[in-house]
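Novice: Start counting the sequence shown at 85; every next residue gets the next number (the working numbering). The structure follows.
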Amino acid sequence: MSVDSGSASMAARLGIKPGMVVQELGWDEDADEDLRDSIVEVSGSDMVDEDTDEVADVVLLWWREDDGDLVDALVDAIASLADDGVVWLLVPKSGRPGHVEPGDVTEAAPTAGLAQTSSISAAKDWSGIRLVTPKTARTRR
């Protein structure tokens with residue numbers, strides 16, 4: 085992949101492609117607007133919220149330590165997710181307000197029926213944790 089200028093590369097790191105439906109959950113004023121703009125720019129449409137009837141290719145879940153029960157949030161995140169879709173759990177980086185301990189994610193993901201595949205630096209203050217439905221679970225649906 086070529087290194088492109090500006091924000092488009094931010095969305096590309098999350099695997100966002102033109103035409104994808106991206107659902108955003110957990111937005112608050114601390115969310116990274118450059119990343120959000122990048123996703124809209126690359127996907128070609130606005131992100132949908134929790135009230136959508138559309139099937140999401142990607143769910144973007146902004147999550148902070150005090151946001152509640154992570155397992156419940158992840159279960160809600162996969163409710164409208166396509167069988168081959170991806171959940172990007174965005175958490176504040178270490179040392180930032182609201183930082184989520186990695187062990188919390190490691191514990192919550194399998195309970196919600198998800199498997200962690202990778203982690204990236206998604207934005208200046210946010211880490212992205214890629215979560216997918218395990219292939220064995222997909223074949224049983």
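Backbone N, C-alpha and C define an ideal beta-carbon position, used for all residues, glycine too. Keep in mind the model is a prediction, meaning the values are calculated, not measured.
Inspect the beta-carbon positions of alanine 157 and alanine 140 and report whether they are closer than 9 Å.
Specialist: The answer is no: Cβ separation not under 9 Å.
Novice: I'd like to check one pair, proline 176 with glutamate 149: are the Cβ atoms closer than 9 Å?
Specialist: Going by C-beta atoms, glutamate 149 is nearer than 9 Å to proline 176.
Novice: Exposed or buried, glutamate 108, counting other C-beta atoms within 10 Å across all chains shown (16 or more means buried)?
Specialist: Answer is buried; the Cβ neighbour count reaches 16.
Novice: Let me know the beta strand (DSSP E) ranges lying completely inside the segment 119 to 177, each 3 residues or longer, listed in chain order.
Specialist: Those beta strand (DSSP E) runs which fall completely within the segment 119 to 177 and span 3+ residues are 140 to 146 and 165 to 176.
Novice: With 16 other CB atoms within 10 Å as the buried threshold, where does threonine 217 fall?
Specialist: So threonine 217 ends up on the buried side.
Novice: I need the boundaries of the beta strand (DSSP E) containing valine 201, first residue and last residue.
Specialist: Looking at the sequence itself, residue 201 is threonine, so the reference to valine does not match. Unbroken beta strand (DSSP E) run through threonine 201: 199 to 207.
Novice: Compute the beta-carbon to beta-carbon distance between valine 142 and tryptophan 172, rounded to the nearest angstrom, for a pair I have assumed lies under 8 Å.
Specialist: That belief holds up - the Cβ atoms of valine 142 and tryptophan 172 are roughly 6 Å apart, short of 8 Å.
Novice: DSSP has glycine 212 in a bridge; who is on the other side?
Specialist: Leu174 and Ile204, per the DSSP bridge assignment.
Novice: What is the DSSP secondary structure of valine 106, counted as helix, strand or coil?
Specialist: DSSP places valine 106 in strand when its eight states are reduced to three.
Novice: Taking the continuous alpha helix (DSSP H) assigned at aspartate 114, which residues delimit it?
Specialist: Where aspartate 114 is concerned, there is no enclosing alpha helix (DSSP H), given that its DSSP letter is neither H nor E.
Novice: Got a sec, what are the start and stop residues for the alpha helix (DSSP H) glycine 187 sits in?
Specialist: First-last of the alpha helix (DSSP H) with glycine 187: 186 to 195.
Novice: Buried or exposed: serine 178, going by 16 or more other Cβ atoms within 10 Å of its Cβ?
Specialist: Exposed, since its Cβ has fewer than 16 Cβ neighbours within 10 Å.
Novice: Which residue wins for smallest C-alpha separation from alanine 38, given the options Asp188, Ala193 and Gly182?
Specialist: This structure cannot settle anything about residue 38, because the visible part of the chain is limited to 85 through 225.
Novice: Would you mind stating whether alanine 196 and leucine 98 have Cβ atoms separated by less than 9 Å?
Specialist: No.
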